[in-house]
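Written below as structure tokens is the structure these notes are about.
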Amino acid sequence: MKELNSSYLLHGGDYNPEQWQDYPQILEQDFKLMKDANINTVTVGMFSWAALEPEEGVYHFEWLDDVFDHMNEIGGKVILATPSGARPAWMAEKYPEVLRTNSKGEKLYFGERHNHCFTSPIYRAKVQEFNTLLAKRYGARNNLLMWHVSNEYGGECHCELCQEAFRHWLKNKYGTLKALNDAWWTTFWGHSFNDWSQVHSPSPLGDSNLNGLNLDWRRFVSDQTIDFYSNEIQPLRELTPNVPITTNFMADTFDLIPFRGLDYFEFAKHLDVVSWDCYPAWNNDFETPKHTAMKVAMIDDYFRSLKQQNFLIMESTPSQVNWHPYNRAKRPNVHRLSSLQHIAHGSDSNLYFQWRQSRGASEMFHGAVITHEGSSKTRIFHDVHQVGQDLNAIAEVKDCKHAKAEVAIIFDHENMWALNDTQNYANETKNYWQTLQSHYQYFWEHDIPVDIISPKVDLTAYKLVIDPMHFLMSTKFMDQLYKFTSSGGTVVGTYLSGVVNENDLAYLGGWPEQLQHLFGLKVEETDTLYPNQSNVIEMDGQSFRAQDYCEVISNISAKNLAIYKDDFYAGRPAVTMKKVDHGTSYFIACRTNSDFLNSLYELISKRLELKSDSSIGKDNAAVSIQIRQNSTHKYLFVMNFDETAHQVELDHSMTEMLTNELRNGTVKIPAGGVAIFRDQIV
Amino acid sequence: MKELNSSYLLHGGDYNPEQWQDYPQILEQDFKLMKDANINTVTVGMFSWAALEPEEGVYHFEWLDDVFDHMNEIGGKVILATPSGARPAWMAEKYPEVLRTNSKGEKLYFGERHNHCFTSPIYRAKVQEFNTLLAKRYGARNNLLMWHVSNEYGGECHCELCQEAFRHWLKNKYGTLKALNDAWWTTFWGHSFNDWSQVHSPSPLGDSNLNGLNLDWRRFVSDQTIDFYSNEIQPLRELTPNVPITTNFMADTFDLIPFRGLDYFEFAKHLDVVSWDCYPAWNNDFETPKHTAMKVAMIDDYFRSLKQQNFLIMESTPSQVNWHPYNRAKRPNVHRLSSLQHIAHGSDSNLYFQWRQSRGASEMFHGAVITHEGSSKTRIFHDVHQVGQDLNAIAEVKDCKHAKAEVAIIFDHENMWALNDTQNYANETKNYWQTLQSHYQYFWEHDIPVDIISPKVDLTAYKLVIDPMHFLMSTKFMDQLYKFTSSGGTVVGTYLSGVVNENDLAYLGGWPEQLQHLFGLKVEETDTLYPNQSNVIEMDGQSFRAQDYCEVISNISAKNLAIYKDDFYAGRPAVTMKKVDHGTSYFIACRTNSDFLNSLYELISKRLELKSDSSIGKDNAAVSIQIRQNSTHKYLFVMNFDETAHQVELDHSMTEMLTNELRNGTVKIPAGGVAIFRDQIV
Amino acid sequence: MKELNSSYLLHGGDYNPEQWQDYPQILEQDFKLMKDANINTVTVGMFSWAALEPEEGVYHFEWLDDVFDHMNEIGGKVILATPSGARPAWMAEKYPEVLRTNSKGEKLYFGERHNHCFTSPIYRAKVQEFNTLLAKRYGARNNLLMWHVSNEYGGECHCELCQEAFRHWLKNKYGTLKALNDAWWTTFWGHSFNDWSQVHSPSPLGDSNLNGLNLDWRRFVSDQTIDFYSNEIQPLRELTPNVPITTNFMADTFDLIPFRGLDYFEFAKHLDVVSWDCYPAWNNDFETPKHTAMKVAMIDDYFRSLKQQNFLIMESTPSQVNWHPYNRAKRPNVHRLSSLQHIAHGSDSNLYFQWRQSRGASEMFHGAVITHEGSSKTRIFHDVHQVGQDLNAIAEVKDCKHAKAEVAIIFDHENMWALNDTQNYANETKNYWQTLQSHYQYFWEHDIPVDIISPKVDLTAYKLVIDPMHFLMSTKFMDQLYKFTSSGGTVVGTYLSGVVNENDLAYLGGWPEQLQHLFGLKVEETDTLYPNQSNVIEMDGQSFRAQDYCEVISNISAKNLAIYKDDFYAGRPAVTMKKVDHGTSYFIACRTNSDFLNSLYELISKRLELKSDSSIGKDNAAVSIQIRQNSTHKYLFVMNFDETAHQVELDHSMTEMLTNELRNGTVKIPAGGVAIFRDQIV
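Written out as structure tokens, the structure reads:
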């Protein structure tokens, strides 16, 4: 892995001086204001192709040269973006092949961004040529920190070039049409293909319900995007082998679900550093700030887990965004607290989109360090300045690892695709990621580190593996899970698991034997409830609500922890436990609220002695304590996401780094407050 | 009419062995499991074109031969489907003419099903060729029970071939463009055509609000579909003149409205046997099981009425479906009760989609007799086995007629089309079929048989004809209705009736005179209420709520039964009665809840001595009693749709056929229970 | 300005005899029935192109000649429409260029109406040719009252002709591509154009989020529509220079928002008389009749303000419409009250769509004077007859001006476009026009006349100018506003004002200085609240709810009238006042309910001595009093929109014109009642 050539936590963000070339007084102020704002890093060039090559073969790199120079003067770094996210209008006009075609076969006009054909040989060549120029011109710059390749990869193209690429991908995968017909079960509705040319991407004008096709198309789109990226970075790797490479990943609003279009576990293998763009909706009217914080924590943990290393926040807003349904400004404290939360979970940066609000065009009202007001006198500037100061105060945290997790939650992009696409259950209530969040909650409230991992990851590093709603599950993974458990691990499985194989074909012969052995039970039926229906399960004399999905299971060799109280499966097991050689498995047959999950994980955590590595006592679950550490120190981030103050207890004296004060005993953390304690490892 | 060559009630369903040709052990088990499940009939070949003719001119009938052989071995019958519902991919590729074109003029890709052009000469020829092969090869098979032509006909094509066919249809109907311009009232918005080539099907890119065009297009689509079907069955009629023919009809989820795309009354004339696919949402969270049962009862009565003869359930699920918003499994008892309900209403079958769950593709999770689990140990298998046993126990019911109805409710597909399309009233509250259901409810609760008939049916067989919301009504029918009433019949009419003629042109000169004579009143105005508005009507000192539509009528010669209490028409008649020679007419001027309709029909039923032919007493309306009979016996189906047990009273001893026990006096019917009594006709 | 050649208030409406050429007995009755209904004016020819020119070059004007003749016989006038709103089918077939192309580049089929390409040279020539024929044939008719050009202009075309016209418009506006790139801020997302050919109209397939493009496209569409209109009226102006010209404008259902597609302030400059089509939803279930009345009053005031002269109601319904979601009939009194309300606000007509209900096609159920019933015996006919009688009774009101307004509310079409399009705040709660209504309410309730004016209008005529949510505001207007205020005017400004300039580019350097000087404050932040969030503001010890938008302002030199009570800006100013030389400015920083606005405007009105010119006392805000006057008389329209009766007090005797009775002292106005008093100016 290539390390970032930086001794400090990155603070800064997207800088777009090409927008201001006619405003020299503004360009002049920028670097002074950056310094005032404690900014040390800018990202440039993201959508600058038209600015750098306004006509084919005519280049204007001067303004970009200036950025490197000026940043150098203030001791700052440059993250250099490649411009492939938005090609110039002249290119779209001259080479229409580069334009994307939608699923109805309509070729798009020039417009928006992120809309190139990812197969087009012309676009791929153009991108390589341009990146070669960039690498040659800036590769030797001492303050070139890393490459930011393109921007927020996503979307798909259905042009004839892509159809051919898809067919090629399918040939590679299946070898024969017979194998493809078998995997897609095309005998249903008489869909068997007898020539590769008959295969076409999913389309509202053709097939949109053939789940095997849909799943392979999703895989192809992910692979082809990575392939496009790989083509794009080739000159960078050749010419600047020591400069690390990232591209910025995304999560959906509002539930912070990993972007559905790509398999980030796969993509991350091709990056040196993971970075992502974080836009939660703080202080909304549908959840508490604590709940928002939990969701942010989990998605941060996911991005940290992608490569099991620190990550970067590549974009965030110091205030509001402009494209939420309701674009509320961050309240006081929120910017500081939310920025340091990312650091606490393993980020080595807090970067913004963007430095200065654009004067026009679609995102002109997106929050930025410098607003249209233009000065350093705004609340936003003050908040940013404060965060910059904080990051400097804790600079030693940089490169410290997040506390090691003994708990892993399995998340699988392919499972998400297959589950979302399956025509069964109830689309309204599938909620895969939200279900993972409900499992995550207990550990977050108890400051127990959690990794969010792919099924392809080695499980042996963990004590507890939680694997909810694993609908599409390979037998290989079943074996792995069994081995993990019998070797002493603890696993939690749930309803809607082990239903189909990698090709989205149902397992025949009943619930897979490996799972029967693992959990000591058979799944007989899945009962899908309407939203106003529910069941009750009882554990240790306590009742909990079950809803959405209740599986009827027959217990073979497990111990019942909870049973159903209602409906025709009243009295049958709802939650079970089984000793598996040296390990233990739990199975939760129905969807419950977090009250039940908290009770269950309390029990399991006690048994496994899972706990926070923090010696700091706390009295409220809305106070989150996250730890980063190196060989000599632990850094304890104590964050109060509640709307009232809380107290924590220190059992020995430690330095609070933001105030640089030595503290001991009871420390009050105000509402929205944060304290970071340096604790020597003894 | 061709009778089904079967001495028993059909039990079985769709069988798709072409999906399992690579799983010989499964194919082997199938017939043994069928026997275990008491299955006696399979439907094969429905979407099997690609399996039977994998390349143009290359045929593989062996697996289909096997089905006939194996079914013969277990004494079972085969319903042979023609495969036109899904053409092979190679055909779409080689003859793109067969692909459907949507209303925006976009030619569809290969994909999904039910999407051929119904005009294409090539497709029509291909279908005839293939059906000829089928008829030649299987026509003489002794266990060929019937032809199942294509599948769930529906949809429409807007290609140039279809435009020409539509113009041809219009020329046939109107003779001259002048006549068409007059009928469509094209002088409005200056739409007059002066060349046939200017006429185009309704389209979001062209005309979508010209109701005359819309209505004729609906008629054309229905006629052209029947024409396609007629073309398709030609070789079957020629080569297998004695094999009965059906195609499977549909009803919409959740209100079980007859499929809106076709005029089934017309289509049924071309079938030997009516069959339909029934997918209600039992045990949902928005209505009681009793209400679901009433809706199923009515749509069953509709399908029975299409040809005034027994019908078949061609598809149903033994458990869940996979395409409802919430796919809930049938609770215990529900499969038995819901299956026998169909028999009670005149079905001679209970067939399933499908025998074995597909391993992949879009409907892989649709309930089936054999689930992915693969064995006979499931609850579903047990339920199916039970129903098979039940059907055997009551085999003598086969071919018994449903008790004759003295009550008819008029339903008209053309009226539904015109009413749904009319720009007036409130689209949200038109609810034509649901209104029929509210009229039907009283009779269902009182076990009084009802036919659901077309306005083209002879009315003289009935004592009471209920004709709600008959918006598009021909003068011919008005005459018929008057004649029926003056000859001694009783008719109930309602608001929104007699507004337009067959061409969707308004009647001029006020409410048609025939209706004025019939009901003794004039309709002056129709008041459309907003959803939160209502009126009150009073009958015999009792108040009832009126909503959605209140017509202001002037009473000429009728007797007021109820008057409005509110608004500017307070004190004016809301419900009237009139003696018409030997008969009586009732008019309900406003939409009421079923409480009022129940009161009114109680009154009418007493007067007309309408009652169930059942001698069994019951104490709850959720217990439904339906009768089938032959010359010697009545078979009384007693079904409890309530969630608690109820009692019925037998005044003489009868054999309960499912238990084969002689019963008399009080018999308890558990919640969801069913009993079938054989009663000798003395 | 050309005056209407009519001594009476117009009463009548759209007459479409071309639909009834095959019904001679109906054509015969029409004029007799019109006379009976007190109708004096008909509008003909609106969609009659196909009737007048059934084949290219073949004309049938005879039926239109007849209309002029017959109207003359009954002493009536004719408003002659040009037929461009719906071209004949033969023209669409022969010259497809005249068909519109939608934003996805799909050429529409013939169908519907209002769907020509507004650039097509062929269509423009055809329209001129036809209008020349009309002007030559009917220009000299003594009872030709005015030209009604086309119908309800709206919509847009994206064909290549229009793309070229758009580029031409842009070249005219910007001169250079550089200027366009700057104005649209195309450097964002690398959108810079280097050839005019790259510019394309907004499209879901291309750019739909580039607000500069969107705004210029809206301007182009408005300008090109006016240009089309200008081309269309050229022969009329030449051949009939003395005949006034109008076209009918629109307002959206249900909030009666001026049609969003065109800038009516600009368009009105090209008309002699403003007319509009009014379709409110009286007696719905979501608001009181009083509230509906207030909305109608305001939009009438807007149309009167367009040219600061009397206007016409060109279309309305005597009963129901057919295209509302719920098409309720007008209750008794409503037709009279709602018709006279328009007169009260400055209308010189009450015209209907339409005289006789069409027998078929999409609007066949739209209310009309003569229903399908065909006689004069209906409630509708009686209501219309009554209104006709009323209009005759008050004929002297014709040409009387509405009482002069000292209060103006600024409304700007460009601001509406920019604000609706801006990606910021919350789309669900922008509600520009509805916010103007909440400001308007106080004045309406207190019978204080209000003009709704464009920012381009001279303000000096007013005492009070209310300018809410003026998001896109030119510096020129800021200067004008300042000058108005410093010269003694009073201005009210609000949140979301002064944010962008005419090109939708943000003002840099903080809130514009002119506004700072005007209001004595700076806007620091705009807080967008979620729907379930709110703040409280306090004024004079009274609390009011604030919601949706709360701006944080710093007061420089204003007086605080109200302060925020909650959130991080608690204690900061929410409403301010500032003396500006001889005038006063008020600033409302947050959205409030009308309770607060009523309190504030009570205060301001007292200070400015704003009051009704009426000497009649009233005890309820739902009684509205509007005044029209000439040099000798005032005509006081007293309208009770409440559902109970109220009393008004006359301090001297006046003639009530509808009853022709002399009244004094207490006069009772029944629910829904109206009285019109003639008061001599002394």
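Protein chains in written order, with this note's numbering: chain P, 1 to 682; chain U, 683 to 1364; chain E, 1365 to 2046.
Ideal Cβ placement from N, Cα and C applies to all residues, glycine included.
Values in this document were obtained by computation on a predicted structure and should not be read as measured data.
Within its chain, find whatever has a CB closer than 8 Å to the CB of residue i; leave out the 5 residues flanking it on each side and keep chain order.
i, result
"Ser1567 (chain E)", "Ser1467, Lys1468, Gly1469 and His1522"
"Ile122 (chain P)", "Tyr95, Glu97 and Val98"
"Gly583 (chain P)", "Phe484, Thr485, Ser486, Ser487, Gly488, Gly489, Thr490 and Val491"
"Gln1801 (chain E)", "Asp1619, Met1658, Lys1659 and Met1662"
Compute every distance between the C-beta of residue i and the non-hydrogen atoms of the ligand MN, then say whether any falls below 7 Å.
i, result
"Asn1346 (chain U)", "The ligand MN is not part of this structure, which contains no ligands at all."
So, with DSSP's three-state summary, where would you put residue i?
i, result
"Val149 (chain P)", "coil"
"His1746 (chain E)", "helix"
"Gln1878 (chain E)", "helix"
"Ala1870 (chain E)", "strand"
"Asp566 (chain P)", "coil"
"Thr43 (chain P)", "strand"
"Thr475 (chain P)", "helix"
Can you give the beta carbon distance from residue i to residue j, rounded, assuming they're within the 8 Å contact cut?
i, j, result
"His882 (chain U)", "Gln845 (chain U)", "6 Å"
"Thr1890 (chain E)", "Leu1860 (chain E)", "7 Å"
Within the same chain, show all residues whose beta-carbon is closer than 6 Å to that of residue i, passing over the 5 residues directly before and after it, in chain order.
i, result
"Phe1841 (chain E)", "Pro1819"
"Arg1992 (chain E)", "Val1761, Cys1764, His1766 and Tyr1999"
"Ala1453 (chain E)", "Phe1474"
"Leu2026 (chain E)", "Ser2017 and Thr2019"
"Leu1141 (chain U)", "Val1147 and Phe1166"
Please list the terminal residues of the continuous alpha helix (DSSP H) segment that includes residue i.
i, result
"Arg806 (chain U)", "Pro803 to Tyr820"
"Thr247 (chain P)", "Taken as a continuous stretch (DSSP letters only), Thr247 (chain P) belongs to no alpha helix (DSSP H), as it is neither H nor E."
"Asn854 (chain U)", "Glu842 to Tyr856"
"His1434 (chain E)", "Glu1426 to Glu1437"
Per DSSP, what are the beta-bridge partners of residue i in this structure?
i, result
"Ala695 (chain P)", "With chain P covering 1 to 682 only, the question about residue 695 (chain P) has no answer from this structure."
"Val1218 (chain U)", "U:Arg1227"
"Asn2024 (chain E)", "According to DSSP, Asn2024 (chain E) bridges with nothing at all."
"Ile1130 (chain U)", "Partner(s): none; Ile1130 (chain U) has no beta bridge."
Could you spell out where the beta strand (DSSP E) holding residue i opens and where it closes?
i, result
"His973 (chain U)", "Looking at the DSSP string, His973 (chain U) is not in any beta strand (DSSP E); the run it does join, the alpha helix (DSSP H), is Pro971 to Lys989."
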